[in-house]
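Residue numbers (the working numbering): 3 to 208.
So the structure is just underneath, and the comments pick up after that.
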Amino acid sequence: TGTPFTYLVAEPVVTSISPTTLPQAGGTVTINGVNFEEPVQVTFGTRRGNNAVVSGGGTVITVDAPSFNGTFPTEACTSGGLTGRRSLPVEVDVEVVNAVTTCSDLSQDAILYTPADGSCRIDPPVAAFAFTANGTMVAFQNNSQNASSSSWSFGDGGTSGATNPTHDYASVPPGETATFNVTLTVSNVSGSDSVTRQVTVTAPSP
């Protein structure tokens, strides 16, 4: 027998992390503190870092932070009068773990990952229109959303690039009624959309 003793395991303690902002692709991070021992594991959010090395008598860890492969939060934005969404930076926790003792220290929201593309990504357009017929004259109202350009096909061979055009279906004989398929195509930098509606006109009797 002998005098019982208690062995206290030194837990890692993080005092600072540099840099605190990383690109989406990740990068090299230096962690300062005490009681760092190899083998050491460093986790950034849900992903483990690579090539973690302890130096400075257990006071420094150098580690390659992984790329961020999660989902960035977004916010609404406008560009050139069009609406879209922009990705925002996101914070992740950093955890240092002694791989032998499993003792650890967690630094909450310690690293800010910035998205590779923080520009305003324009939403695709949505085509829609209404119309009012007066005899063979039809006034078109463009109700599309997020469109930068419009292209009309009036169904009788006529076309227009105006936003809110008028069109005369002059080919309809007096006193007769005719129906035409009118197609509106709208576009922006993110794509295009089309809608087709039937327009019925009646030419006045002579």
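For every residue, glycine included, the Cβ atom is placed at its ideal position computed from N, Cα and C.
Quick caveat, the model's predicted, so the values are computed rather than measured.
Exercise. Within 10 angstroms of the Cβ of Glu97, are there 16 or more other Cβ atoms? Answer buried if so, exposed if not.
Key: As a working note, residue 97 is residue 95 in the sequence shown. Result: buried.
Exercise. Taking the CB atoms as reference points, tell me whether His169 and Val140 lie closer together than 8 Å.
Key: Your numbering for residue 169 matches position 167 in the sequence shown. Your numbering for residue 140 matches position 138 in the sequence shown. Cβ distance < 8 Å, so His169 and Val140 count as in contact.
Quiz item: So the beta strand (DSSP E) Gly29 belongs to, where does it begin and stop?
Solution: Along the sequence shown, one-based indexing puts residue 29 at 27. Looking at the DSSP string, the run of the beta strand (DSSP E) that includes Gly29 is 29–36.
Quiz item: Using 8 Å as the Cβ pair cut-off and three pairs as the minimum, do the stretch 113–126 and the stretch 24–43 touch?
Solution: These segments touch.
Quiz prompt | Segment contact flag, the stretch 137–151 with the stretch 117–128, C-beta cutoff 8 Å, min 3 pairs | solution = Contact between the stretch 137–151 and the stretch 117–128 is present, because at least three Cβ pairs lie under 8 Å.
Quiz item: Contact between the stretch 60–67 and the stretch 75–89: three or more CB pairs below 8 Å?
Solution: In short, these stretches do not touch, since the Cβ pair count stays below three.
Quiz item: For Asn34, which residues from the same chain have a beta carbon less than 7 Å from its beta carbon, with the 5 sequence-adjacent residues on both sides left out?
Solution: In the sequence shown, the residue the question calls residue 34 occupies position 32. Cβ neighbours of Asn34 beyond the five flanking positions: Thr17, Ser18, Thr61, Val62.
Quiz prompt | Opening and closing residue of the beta strand (DSSP E) in which Ala149 lies | solution = Position 147 of the sequence shown, counted from the start, is the residue given in the question as residue 149. Counting along the chain, Ala149 falls outside any beta strand (DSSP E), and DSSP gives it neither H nor E.
Practice problem: Using the Cα positions of Asp111 and Ser121, report the straight-line distance between them to the nearest angstrom. | Solution: If you number the sequence shown from 1, residue 111 lands on position 109. If you number the sequence shown from 1, residue 121 lands on position 119. If you take the alpha carbons of Asp111 and Ser121, they lie about 24 Å apart.
Quiz item: Quick one: Cα of Pro21 to Cα of Val99, how far?
Solution: Sequence index remark: in the sequence shown, residue 21 carries index 19 (1-based). Sequence index remark: in the sequence shown, residue 99 carries index 97 (1-based). Rounded to whole angstroms, Pro21 to Val99 spans 20 Å at the Cα level.
Exercise. In the DSSP assignment, find the beta strand (DSSP E) that holds Leu216 and state where it starts and stops.
Key: Only positions 3 to 208 of the chain appear in this structure, which leaves residue 216 out of reach.
Quiz item: With 16 as the cutoff for other CB atoms within 10 Å, does Val31 come out buried or exposed?
Solution: Along the sequence shown, read from residue 1 onward, the residue named residue 31 stands at position 29. Taking every protein chain shown into account, the CB of Val31 has 16 or more other CB atoms within 10 angstroms, so this residue is buried.
Quiz item: If Ser153 sits next to Gly163, beta carbons under 8 Å apart, how far is it from one beta carbon to the other, in whole angstroms?
Solution: The residue you call residue 153 lines up with position 151 of the sequence shown. The residue you call residue 163 lines up with position 161 of the sequence shown. Here Ser153 really is in contact with Gly163; their C-beta atoms are around 6 Å apart, less than 8 Å.
Practice problem: Compare the Cα-Cα distances from Asp195 to each of Glu40, Ser151, Pro167 and report the closest residue. | Solution: To locate residue 195, count along the sequence shown from 1; it is residue 193. Selected option, being the one with the closest Cα: Ser151.
Practice problem: Along the beta strand (DSSP E) that carries Gln43, what are the first and last residues, could you check? | Solution: Residue 43 sits at position 41 when you count from the first residue of the sequence shown. First-last of the beta strand (DSSP E) with Gln43: 42–46.
Self-check item: Where the beta strand (DSSP E) containing Pro25 begins and where it ends
Solution: Within the sequence shown, numbered from 1, the residue matching residue 25 stands at position 23. Taken as a continuous stretch (DSSP letters only), the beta strand (DSSP E) holding Pro25 covers 23–25.
Self-check item: Length of the line joining the Cα atoms of Asn71 and Asp158
Solution: By one-based count along the sequence shown, residue 71 stands at place 69. By one-based count along the sequence shown, residue 158 stands at place 156. Cα to Cα, the separation comes out at about 52 Å.
Exercise. Just tell me which of Val36, Pro208, Gln200 has its CA closest to the CA of Phe142.
Key: Sequence index remark: in the sequence shown, residue 142 carries index 140 (1-based). It is Gln200 whose Cα lies nearest to the Cα of Phe142.
Practice problem: Put Glu178 into one of helix, strand or coil per three-state DSSP. | Solution: The sequence position of residue 178 within the sequence shown is 176, counting from 1. Coil.
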